[in-house]
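Step one of this worksheet: look at the structure below.
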Amino acid sequence: MTFSPIMFARHSQIEAADSNMLQVNKNNVVIDFSGTEAIPFLTTILGLDLNKLTASGLGVKGTLDGDLNSNYSFALYYFSATAFRFVLHTDAAAQLQALISEQQLRYDIEFVTRTDLATLTLSGEQAFDALVEAFKLTPGLRLSDTNSCYGTQSGEVFITAIDKQSIQYFQLVAKAPELTKWQTYLQQRGFDMSLPDVA
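Using the working numbering, the letters of the sequence shown map in sequence onto residues 33 to 231.
Next up, the structure:
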């Protein structure tokens with residue numbers, strides 16, 4: 033029987049939050065984006081440099097308003113030359129959907145808003161190790177660019193590593209019942225629920 037490791041990443045140049053925290057992100061939206069002209073659209077219309085996205089799961093932070101820390105920022109994950117995933121705030125999602133709809137006549141692109149998926153963010157000194165243990169991940173990738181992000185699928189959960197305001201965060205993206213299970217698991221391991229929306 034062969035073993036296929038599930039690689040995972042974290043940023044090499046940024047700090048972990050002081051305390052181990054969990055945050056349910058009620059304002060996040062997941063949009064799966066595809067099309068034979070996905071890359072020209074993302075490059076031309078959103079102004080993204082996708083040259084670094086050479087392996088499935090690698091991602092880049094972007095913004096619709098010029099501010100990477102605003103509600104109009106997003107994380108974009110590469111699955112293939114024709115398939116991507118956005119994780120973004122509801123404000124940015126509405127604007128992005130309008131932009132895609134407006135450009136669908138010029139580009140062969142489609143999107144699906146994943147209303148079946150929710151997000152949970154965790155941070156803290158123990159966050160990376162807790163995820164590696166819980167999801168049987170293989171640590172090995174280091175992200176040196178703070179505008180880079182990384183996501184990988186483990187079972188029913190898409191797990192991401194992202195920098196927000198020079199702090200390392202991780203997001204779990206899954207159906208609500210699955211996220212509730214992992215929220216309970218992480219709380220039992222010392223992660224406290226927080227109130228502010230951090231990512």
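Don't be surprised by glycine CBs; every beta carbon is placed ideally from N, CA and C. The structure presented is a predicted model; accordingly, all values stated were derived computationally and were not measured.
Below 7 Å between beta carbons: does that hold for A107 and G91? yes
Check whether the Cβ of F106 lies closer than 7 Å to any Cβ atom in chain D. As a matter of chain content, chain D is missing from the structure shown, which is built from one protein chain.
Which class does Q200 belong to by DSSP, given the choice of helix, strand or coil? strand
Within the continuous beta strand (DSSP E) that includes I38, where are the two ends? 38-43
DSSP beta-bridge partners for V119? V62, A107
Residues bridged to E134 (per DSSP): The partner list for E134 (beta bridge, DSSP) is empty, contrary to what the question assumes.
Are the region 153-164 and the region 52-72 touching, with three or more C-beta to C-beta distances below 8 Å? yes
Inter-residue spacing [alpha-carbon to alpha-carbon] between Q200 and A162: 14 Å
If distances are taken between C-alpha atoms only, which option among F116, N101, E210 comes closest to S186? E210
Would F118 and I132 qualify as a contact pair, given that the criterion is a beta-carbon distance under 7 Å? no
Can you tell me whether L175 is buried or exposed? The criterion is at least 16 other CB atoms within 10 Å of its CB, across all chains shown. buried
L96 and Q129 - do their beta-carbons sit closer together than 7 Å? no
Would you say the region 62-79 touches the region 164-178, given that touching needs at least three Cβ pairs under 8 Å? no
DSSP three-state assignment for M33, whether helix, strand or coil: Low per-residue confidence applies at M33: pLDDT is 47, beneath 50, and the placement is therefore not dependable, though the value from the model is reported in the following sentence. DSSP places M33 in coil when its eight states are reduced to three.
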